Amino acid sequence: MLEQVIFFTILMGFLITVLLSPVFIPFLRRLKFGQSIREEGPKSHQKKTGTPTMGGVMILISITITTLVMTGKFSQPSVETYLLLFVTLGFGLLGFMDDFIKVVMKRNLGLTSKQKLLGQIVISVIFYFIFKQSELSTVISIPLTDISFDLGWGYALFIIFWMVGFSNAVNLTDGLDGLVSGTAAIAFGAFAVLAWSQSQYELSIFSVAVVGAVLGFLVFNAHPAKVFMGDTGSLALGGAIATVAILAKLEIILIIIGGIFVIETLSVILQVISFKTTGKRIFRMSPLHHHYELIGWSEWRVVVTFWTVGLLFAILGIYIEVWI
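The opening position of the sequence shown corresponds to residue 68 in the numbering used here, with each subsequent residue numbered one higher.
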């Protein structure tokens with residue numbers, strides 16, 4: 068029974084996104100919701116100017132409908148399901164506002180960094196208070212060791228750091244056609260397996276709903292992309308994967324399963340530190356995927372390589388949690 072639920076959850080998430088796309092993409096074009104490309108980015112990206120963005124709305128619709136319908140088939144949705152949807156839609160709304168400012172108000176940077184950070188913190192704090200009322204565990208365990216400790220109220224700070232950090236990490240990774248769609252599908256697929264192994268079936272259903280939704284989106288987002296997810300999608304996916312890890316009590320393993328997102332973020336941090344302290348750049352451009360473009364790799368080669376590395380990270384994370 069549960070196996071059928073998982074299969075049809077992926078299928079439903081995939082089909083909703085695929086069926087929405089032929090309607091939604093032309094709608095975005097008519098509204099002139101086209102992506103503005105940064106002038107300092109790779110020159111090859113300039114031809115992408117005008118490609119419809121805010122496609123993340125389709126992903127959010129698919130995730131929400133699929134999760135509620137399929138969770139209802141298996142059992143009544145619990146507080147965990149509603150927490151997952153709250154964070155996903157909350158971060159998605161924040162991303163939508165950012166995209167709207169970019170494409171409608173023609174301010175290429177969207178929300179200011181302070182505005183975006185404040186919104187992310189508010190959503191994370193609300194999540195924590197609901198989390199606390201539900202008496203969920205504030206214990207963190209270190210993989211490959213017997214070490215665990217209860218952060219108590221400090222878990223609130225951890226949640227803010229984790230959710231804000233991974234939301235922005237996925238957002239930074241979203242710079243090439245299909246890059247985040249593929250890496251997110253792999254990472255959420257890994258968490259679906261781990262949640263299943265722990266009998267956390269609602270988390271597993273949500274995770275595979277995301278897998279189905281982003282794979283459906285990938286049909287139109289693979290190179291050459293007909294639509295971008297925008298911050299609407301990337302901020303939501305980042306917040307969602309951090310929430311899944313928190314609710315599954317697999318917080319630290321997210322560093323491994325989400326290794327691509329971590330590496331992309333570290334490349335930006337190292338680039339900034341190096342340039343400010345020495346005046347020299349470590350990479351030709353950050354995030355890291357742009358560095359490989361500028362040394363001559365094709366966009367498709369970069370994306371497939373990152374997918375492959377993401378898959379290896381996911382397998383390693385599952386191996387550590389399930390078999391060691």
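Glycine residues also receive a C-beta, built at the ideal position from the N, C-alpha and C atoms.
Fair warning: this is a prediction, and the values are worked out from it, not measured in the lab.
Rounded C-beta distance between residue i and residue j? I'm assuming under 8 angstroms.
i, j, result
"residue 280", "residue 92", "Contact doesn't hold; Cβ gap of about 15 angstroms is too wide."
"residue 158", "residue 234", "6 angstroms"
"residue 311", "residue 151", "7 angstroms"
"residue 331", "residue 356", "7 angstroms"
"residue 133", "residue 80", "4 angstroms"
Exposed or buried, residue i, counting other C-beta atoms within 10 Å across all chains shown (16 or more means buried)?
i, result
"residue 380", "buried"
"residue 386", "exposed"
"residue 213", "exposed"
"residue 89", "exposed"
"residue 352", "buried"
Using only the alpha-carbon positions, how far apart do residue i and residue j sit?
i, j, result
"residue 372", "residue 267", "31 angstroms"
"residue 123", "residue 262", "25 angstroms"
"residue 264", "residue 258", "10 angstroms"
"residue 342", "residue 348", "5 angstroms"
"residue 304", "residue 344", "33 angstroms"
"residue 183", "residue 162", "8 angstroms"
"residue 383", "residue 138", "28 angstroms"
"residue 299", "residue 156", "9 angstroms"
"residue 232", "residue 247", "16 angstroms"
"residue 195", "residue 334", "30 angstroms"
"residue 318", "residue 205", "11 angstroms"
Is the beta carbon of residue i sitting closer than 7 angstroms to the one on residue j?
i, j, result
"residue 251", "residue 282", "no"
"residue 394", "residue 230", "With the chain represented from 68 up to 391, any question about residue 394 goes unanswered, as that position is not in the structure."
"residue 376", "residue 243", "no"
"residue 84", "residue 295", "no"
"residue 328", "residue 237", "yes"
"residue 254", "residue 325", "yes"
"residue 307", "residue 270", "no"
"residue 208", "residue 201", "no"
"residue 277", "residue 128", "no"
Tell me the DSSP bridge mates of residue i?
i, result
"residue 207", "216"
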